[in-house]
Amino acid sequence: MEQGRSKTAVAHAITERFAEEISKLELSIAEIARRIDVKKYRIHDVLSFKQRLPTDLLARAASLGIDVNYVLTGVKPALSSREAALIQNYRSASSQQKDHLEAAFNVLAEPHRPRLVKPESKTVKECRYGHG
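Going by the numbering used here, 97 is the number at position 90 of the sequence shown; the sequence numbering is gapless.
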């Protein structure tokens, strides 16, 4: 239980975080229910605080990208799942692919941010077409 909070307050906080995650999907309750194969009233009852969030509903919602750990603990991961996937893809890339990725990120980076690629590294044009 979250430190110093009643079971009701904890359940309310979990529901609030569940609602936050659901809203990120930008789908209707009916569409979410259809995708996770539950009756829409079950989701509605949770979101309107008529019942606590059942574990089976949360587990099914995870298949839509709901961050279950965040919903339950309130702790956001240091990296989003998309950021973690980018890092994993980068780590599994060849040296040449890493050069291409770094050059592309430099082009997309805001002017005030530090460059990821050293000045002597290839530009995007050089990576893409083999010449400067």
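Where a beta carbon is used, it is the ideal one built from N, C-alpha and C, also for glycine. Since the model is a prediction, treat every value here as computed from it, not as a measurement.
For residue j and residue i, the rounded distance between their alpha carbons
i: PRO84; j: LYS105; result: 25 Å
i: LYS129; j: PHE112; result: In this prediction, LYS129 has a pLDDT of 45, which is less than 50 and means its spatial position is unreliable; what the coordinates show is noted afterwards. Straight-line Cα distance between these residues: approximately 12 Å.
i: THR22; j: LEU65; result: 10 Å
i: ILE94; j: ALA20; result: 31 Å
i: SER102; j: SER70; result: 33 Å
Contact check, residue i vs residue j, beta carbons under 8 Å
i: ALA68; j: ILE43; result: yes
i: ALA40; j: LYS31; result: no
i: GLY81; j: ARG24; result: yes
Assigned exposure category for residue i - 16 Cβ within 10 Å defines buried
i: ARG135; result: Residue placement at ARG135 is flagged as unreliable, the pLDDT there being 42, under the threshold of 50; a coordinate-derived value is accordingly withheld.
i: ASP63; result: exposed
i: VAL53; result: buried
i: ALA110; result: buried
i: VAL78; result: buried
i: LEU115; result: exposed
i: LEU86; result: exposed
*For the region 28 to 55, list the alpha helix (DSSP H) runs that are entirely contained and at least 4 residues long, ordered along the chain.*
Listed in chain order, the complete alpha helix (DSSP H) runs (minimum 4 residues) inside the region 28 to 55 are 36 to 43 and 47 to 54.
*What runs of the alpha helix (DSSP H), each 4 residues or longer, lie entirely inside the region 48 to 113?*
Those alpha helix (DSSP H) runs which fall completely within the region 48 to 113 and span 4+ residues are 62 to 69, 75 to 80 and 88 to 98.
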